[in-house]
Amino acid sequence: MRIDIMTLFPETVNAFLHESILGRAAKKGVIQINCVQIRDYTENKQRQVDDYPYGGGWGCVLMAQPLKSCLDSIMSTTKDLHSRVIYLSPQGVPFTQETAKRLKRDYEHLVLVCGHYEGVDERFIEACVDEEISLGDFVLTGGEIAAMAVADAVCRLVPGVLADEQCYTGESHWDGLLEYPQYTRPERWEGREAPPVLLEGNHDKIQLWRRKKQLERTKERRPDLFRAFVPVDRQDEELLRQLERDEKRVRLTEKPVCRPAEAGDLPDILAMVACARETLRRRGVDQWQGEYPAEEQLRRDIGRGECFLLTHRGEAAAFFVLSRLPEEDYERIRDGKWGYDGPCCVLHRAAVAEKYRGGEVSALMLRCVEEQARAWGLRCVRTDTHRKNKAMLALLRDGGFRYRGNLEISAEPGRDPRRQAYEKILKDR
Ligand SMILES: C[S@@+](CC[C@H](N)C(=O)[O-])C[C@H]1O[C@@H](n2cnc3c(N)ncnc32)[C@H](O)[C@@H]1O
Numbered sequence: 169m170r171i172d173i174m175t176l177f178p179e180t181v182n183a184f185l186h187e188s189i190l191g192r193a194a195k196k197g198v199i200q201i202n203c204v205q206i207r208d209y210t211e212n213k214q215r216q217v218d219d220y221p222y223g224g225g226w227g228c229v230l231m232a233q234p235l236k237s238c239l240d241s242i243m244s245t246t247k248d249l250h251s252r253v254i255y256l257s258p259q260g261v262p263f264t265q266e267t268a269k270r271l272k273r274d275y276e277h278l279v280l281v282c283g284h285y286e287g288v289d290e291r292f293i294e295a296c297v298d299e300e301i302s303l304g305d306f307v308l309t310g311g312e313i314a315a316m317a318v319a320d321a322v323c324r325l326v327p328g329v330l331a332d333e334q335c336y337t338g339e340s341h342w343d344g345l346l347e348y349p350q351y352t353r354p355e356r357w358e359g360r361e362a363p364p365v366l367l368e369g370n371h372d373k374i375q376l377w378r379r380k381k382q383l384e385r386t387k388e389r390r391p392d393l394f395r396a397f398v399p400v401d402r403q404d405e406e407l408l409r410q411l412e413r414d415e416k417r418v419r420l421t422e423k424p425v426c427r428p429a430e431a432g433d434l435p436d437i438l439a440m441v442a443c444a445r446e447t448l449r450r451r452g453v454d455q456w457q458g459e460y461p462a463e464e465q466l467r468r469d470i471g472r473g474e475c476f477l478l479t480h481r482g483e484a485a486a487f488f489v490l491s492r493l494p495e496e497d498y499e500r501i502r503d504g505k506w507g508y509d510g511p512c513c514v515l516h517r518a519a520v521a522e523k524y525r526g527g528e529v530s531a532l533m534l535r536c537v538e539e540q541a542r543a544w545g546l547r548c549v550r551t552d553t554h555r556k557n558k559a560m561l562a563l564l565r566d567g568g569f570r571y572r573g574n575l576e577i578s579a580e581p582g583r584d585p586r587r588q589a590y591e592k593i594l595k596d597r
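Heads up: the sequence shown runs through residues 169 to 597, numbered per the numbering used here.
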């Protein structure tokens, strides 16, 4: 791809376009960018490029002659190339990624004409320009910034400019969506964690998480793009259905607060237990289908300071019981082993209030579990759940818990005692 930029400020444009990635690509010969001084093509002694507008008014207008002579000189060197002459103008068609793709695909040579002052003589546009492109609905003093933007966006699509095609195919606007959020080291910065799913190395899960975030972001920030988006495959269709379900859920307007539960919280906690019990029953999961967890037990948890409540705007959103007491059943783990030798705490009972299900509260609850373990000076959290409890299994895995093997818990008579054992070793901060 060759790009010629017609400008009154070639040094400024050159300084930018010959830096960094584009500069290296130009050195390799993958792209060629030339900045051409329009003033070199004047036919008057003063090298004057502009004049007063006919009919009066403010400012000056670039004359057609130097522009045309400059363009002719460029074109005389590119006869074999398929060229496109573009005038950067606030009156042009707004520039998009699709325009960048089209220019890269359909042409070998672009001439970008930068206006200045009040613009350029209309007759030059009529005679010589193939299309007008705008950077957006605002007015710049000159076309240079717009030309640099177009040159940059087009050149990075040329093979060999970026390290890999994937560098741009996953980015915002490539397939009509915005990109997912990005994170880098450290894992925790000023109290904010990077999403655990990104740290686990499971590429399928990362891909799914990222695609969902792309859809969520686009829906939230650019409803115009979202309306025009056509799902690419079944996974997109399923994710769109998930988004619709998510929409119906309560949105957190502030970060939930986690505090030790008090006896007065028991009715809320019991309501969450009843609701979870019913959901598990409907889903055919033989967990919490008897008395467990009974009111008396929860009362004892509260008394020991091991029951915690998450509240959102003062409303009970979730609870969990985290115990430092040794768990005998966990000593008989089968088909695997625990990964941590030191003292651990055990996440025993947890539930989310119905209206907060399926949203962020569950993941936030797991973070509170970890915070509480750390507050006790512990570096490991263990838990168990039924193999059919898909929601809990997904939550644990997304939260960075690892499957360690199988257990049999002391279940009530007639109930399935089999559980899967999970563990999370907390990293040092
Ligand atoms: C001050 S502007 C002229 C604006 C012109 N009088 C008008 O109202 O349409 C000077 C030059 O900046 C460039 N320019 C200004 N805004 C632009 C935009 N949004 N996109 C692309 N180029 C722009 C054009 O090359 C234009 O000739």
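Glycine included, every Cβ here is placed at the ideal spot set by N, Cα and C.
Check your understanding: How many whole angstroms separate the CB atoms of residue 358 and residue 347, which I take to be in contact at a CB cut-off of 8 angstroms?
Key -> Here residue 358 is actually not in contact with residue 347; their C-beta atoms are around 23 angstroms apart, not less than 8 angstroms.
Point to revise | Coarse secondary structure for residue 447, derived from DSSP in three states | key: In the structure shown, residue 447 sits in a helix (DSSP, three-state: H, G or I).
Check your understanding: Buried or exposed: which applies to residue 284, given that a residue is buried once 16 or more other Cβ atoms fall within 10 Å of its Cβ?
Key -> The residue is buried, with at least 16 neighbouring Cβ atoms inside 10 Å.
Check your understanding: Can you round the beta-carbon distance between residue 235 and residue 177 to whole angstroms, since I take them to be within the 8 angstroms contact cut?
Key -> About 15 angstroms separates the two Cβ atoms, so there is no contact after all.
Exercise for review: Assess, as a yes-or-no matter, whether the segment 496 to 506 is touched by the segment 556 to 565 under the definition of 3 or more beta carbon pairs within less than 8 angstroms.
Suggested key: Verdict: no, contact absent.
Check your understanding: Sorry if obvious, but does the Cβ on residue 257 come closer than 7 angstroms to a heavy atom of ligand 1?
Key -> Yes, ligand 1 has a heavy atom inside 7 angstroms of this Cβ.
Review point. Residue 286: beta carbon under 7 angstroms from a heavy atom of ligand 1?
Key: Yes, since a heavy atom of ligand 1 falls inside the 7 angstroms radius drawn around the Cβ of residue 286.
Point to revise | Contact the segment 256 to 266 vs the segment 302 to 316: 3+ CB pairs below 8 angstroms | key: The answer is yes - the segment 302 to 316 touches the segment 256 to 266, with three or more Cβ pairs under 8 angstroms.
Review point. Which ranges would you report for the alpha helix (DSSP H) in the segment 270 to 330 if only whole runs of at least 4 residues count?
Key: 290 to 296, 312 to 323, all fully within the segment 270 to 330.
**Study point:** Neighbourhood of residue 196 by C-beta, 8 angstroms cutoff - its chain only, sequence neighbours within 5 removed
**Key:** Only 328 meet the Cβ criterion.
Practice item. Assign residue 530 to one of two classes, buried (16 or more other C-beta atoms within 10 Å of its C-beta) or exposed (fewer than that). Key: Answer is buried; the Cβ neighbour count reaches 16.
Review point. How many angstroms separate the CA atom of residue 403 from the CA atom of residue 409?
Key: Their Cα atoms are separated by approximately 10 angstroms.
Review point. Using 8 angstroms as the threshold, is the segment 535 to 551 in touch with the segment 462 to 472, meaning 3 or more CB pairs across them?
Key: Contact check between the segment 535 to 551 and the segment 462 to 472: fewer than three CB pairs, one atom from each, fall below 8 angstroms, which does not count as touching.
Point to revise | residue 292: CB within 7 angstroms of a non-hydrogen atom of ligand 1 | key: Residue 292: no, Cβ never under 7 angstroms from ligand 1.
Review point. Can you give, in chain order, each stretch of the alpha helix (DSSP H) that sits fully within the segment 517 to 552 and has at least 4 residues?
Key: Here the runs fully enclosed are 529 to 543.
Exercise for review: Report the residue from 552, 519, 206, 540 whose alpha carbon sits nearest the alpha carbon of residue 506.
Suggested key: Nearest option by C-alpha distance: 552.
Review point. Does the segment 451 to 463 come close enough to the segment 409 to 419 to have 3 or more Cβ pairs within less than 8 angstroms?
Key: Look at the beta carbons and you see the segment 451 to 463 not touching the segment 409 to 419: under three pairs across the two are nearer than 8 angstroms.
Check your understanding: Can you tell me whether residue 432 is buried or exposed, with buried defined as 16 or more other CB within 10 angstroms of its CB?
Key -> Classification for residue 432: exposed.
Exercise for review: Assess, as a yes-or-no matter, whether the segment 202 to 214 is touched by the segment 236 to 244 under the definition of 3 or more beta carbon pairs within less than 8 angstroms.
Suggested key: Between the segment 236 to 244 and the segment 202 to 214, the count of C-beta pairs closer than 8 angstroms reaches three or more; the two stretches touch.
**Study point:** Option nearest residue 296 by Cα separation, candidates 233, 309, 247
**Key:** Ranking the options by Cα distance to residue 296, first place goes to 233.
Check your understanding: By Cβ distance below 8 angstroms, which residues in the same chain neighbour residue 381 in space, the five residues on each side in sequence not counted?
Key -> Same-chain partners within the cutoff: 348, 349.
Check your understanding: Can at least three beta-carbon pairs, one atom from the segment 270 to 279 and one from the segment 216 to 227, be found at a separation below 8 angstroms?
Key -> With fewer than three CB-CB distances shorter than 8 angstroms, the segment 270 to 279 does not count as touching the segment 216 to 227.
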